[in-house]
Each structure stands twice: as structure tokens, then as C-alpha cells.
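> Take this structure, written in C-alpha cells, and hold onto it; I'll ask about it next.
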Amino acid sequence: MGSQDSCNFVQSSQGLRVSWKSSTPFHLIITESVPPEYDSAIIQAASTWNTRKSMNLIQVHRDNAYSGASTADGINGIYWMTDWASDQSSEQARTSIRWDISKLKEADIKINAKYFRFYKTDDTVRSGKVNIESLMLHEIGHAMGLSHITTSDSAMQPYLASSTDRNSPGQIDLNSLNCEY
39 MGSQDSCNFV QSSQGLRVSW KSSTPFHLII TESVPPEYDS AIIQAASTWN TRKSMNLIQV
99 HRDNAYSGAS TADGINGIYW MTDWASDQSS EQARTSIRWD ISKLKEADIK INAKYFRFYK
159 TDDTVRSGKV NIESLMLHEI GHAMGLSHIT TSDSAMQPYL ASSTDRNSPG QIDLNSLNCE
219 Y
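Residues 39 to 219, numbered by my numbering, are exactly what the sequence shown covers, in order.
Okay, here's the thing in C-alpha cells:
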């Protein structure tokens, strides 16, 4: 196994792109900690990736029966975190991925609900808030293995300004996905 072009993916210590490989669609659970009013925006973010890529990469659904913590438990979950380290207060969310060699095994998305407030795209009150659909589009990109991309039209830019809608992957995001999916 040799090193390969990153294509904007996280790379293993062997220099291989980390992705779900042929294990798509992968499933993400909206846990009971996430306020239900954001379900449609989260599901829309996943649907946008599927539509833009013209394949079923990801399926998202709510499971109120799952109340576990975001640990290495084999469950791909989305968690609403009201407890967040103060030295990481500028971090809007964090996606943790676990893999074996280069195949993803688990992805957990933690949303920083301690230091941020959120809005849905059709909300009129946006000032000082983060678009939850745009944030989830970005975090789901990480859950698929993508790393940060600094190109201006990328959904994978490292930071999402408040009151900003960025609800569609850019061409560079799609080109990157084409390397693995």
C-alpha cells in the first residue's frame, strides 16, 4: 500500500484516503439530545450531499431510544452538547471519526450548543446565530472523510460565519468525493 493523493480527505498513517469505501450508505442517528426542530435541516444537509453526488451516501434518522454518549460504541451519532470546554469555545461543532487502515468505522458529530445559537434557513431571526443546515453539511462532509478545504466555494471551509447560509457543496467538494465514492 502506497501513499495516494489526498483529494482533500483525511489520510491514514499509511497515506491512504480515509472513507466509508463501499459501505455506503452509512447511517447517522439524530440522538434524543438534539432538539427535534432541527431534524429537517439535518436531514436536508445529508440529502444535499446525496443529491449533488447522485448517489445514496448517507442516511439520517432520529432515534430517541438511543441516549448514549458520543464514544467509540459503533454508533454514528449526532449529539447536542450543552457542556463544552471553554478553551474550545470558538469551535461550532466537532466530528470525530474512527477508522481501520483506511476504512471508516464510526463518525460522531458533536454540536456546540453551549457557546452557539442556531437558526434554520427559513428563520427570520439570524443575527449572531449559525445556520444549522450549513454547519451540518460541513460536519457530514467530515463524517464522509473530507478534511477542511479553504477554497471559497467549498462547504468544507474551516469556519462558518454567523448569519451565513452555505447550504450546497462546491465543485471542489464534489471533485474530492469522486476520488472515493
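Glycine included, each C-beta is placed from N, C-alpha and C at the ideal position. Values in this document were obtained by computation on a predicted structure and should not be read as measured data.
(1) Please work out which residues of its chain come closer than 6 Å, Cβ to Cβ, to Met174, disregarding the five sequence neighbours upstream and downstream, and give them in chain order.
(2) Would you check if the distance between the CB atom of Ile149 and the CB atom of Ala131 is smaller than 9 Å?
(3) With 16 as the cutoff for other CB atoms within 10 Å, does Glu75 come out buried or exposed?
(4) Take Val48 as the anchor and find which of Ile68, Ser185, Glu218 and Ser201 has the nearest alpha-carbon.
(5) Which of helix, strand or coil does DSSP assign to Leu142?
(6) Could you give the first and the last residue of the continuous beta strand (DSSP E) run that contains Thr69?
(7) Quick check on the burial criterion: 16 or more other C-beta atoms within 10 angstroms. Buried or exposed for Asn169?
(8) Can you tell me the Cα-Cα spacing of Tyr157 and Ser200, whole angstroms?
(9) On the DSSP letters alone, give me the boundaries of the alpha helix (DSSP H) that Asp211 sits inside.
(10) DSSP three-state call for His186: helix, strand or coil?
Well, looking at it:
(1) Counting from one through the sequence shown, the residue named residue 174 turns up at place 136. Non-local beta-carbon contacts of Met174 in its own chain, meaning distances under 6 Å to residues more than five positions away in sequence, involve Ile80 and Ala83 in chain order.
(2) Stepping through the sequence shown from its first residue, residue 149 is reached at position 111. Stepping through the sequence shown from its first residue, residue 131 is reached at position 93. When the beta-carbon positions are compared, Ile149 and Ala131 come within less than 9 Å of each other.
(3) Looking up residue 75 in the sequence shown gives position 37. It counts as exposed.
(4) Residue 48 sits at position 10 when you count from the first residue of the sequence shown. Distances from the alpha-carbon of Val48 to those of Ile68, Ser185, Glu218 and Ser201 put Ser185 closest.
(5) Looking up residue 142 in the sequence shown gives position 104. Residue state, collapsed to three classes: strand.
(6) Along the sequence shown, one-based indexing puts residue 69 at 31. Phe64 to Thr69 is the extent of the beta strand (DSSP E) around Thr69.
(7) Walking along the sequence shown from the start, residue 169 turns up at place 131. Using a 10 angstroms sphere on the CB of Asn169, the tally of other CB atoms reaches 16 or more, which defines it as buried.
(8) Taking the sequence shown and counting its residues from 1, one reaches residue 157 at position 119. Taking the sequence shown and counting its residues from 1, one reaches residue 200 at position 162. Going from the Cα of Tyr157 to the Cα of Ser200 covers about 10 Å.
(9) The residue given as residue 211 occupies position 173 in the sequence shown. Gln209 to Asn216 is the span of the alpha helix (DSSP H), which, as asked, contains Asp211.
(10) Sequence index remark: in the sequence shown, residue 186 carries index 148 (1-based). In the displayed model, His186 falls within coil according to three-state DSSP, outside both helix and strand.
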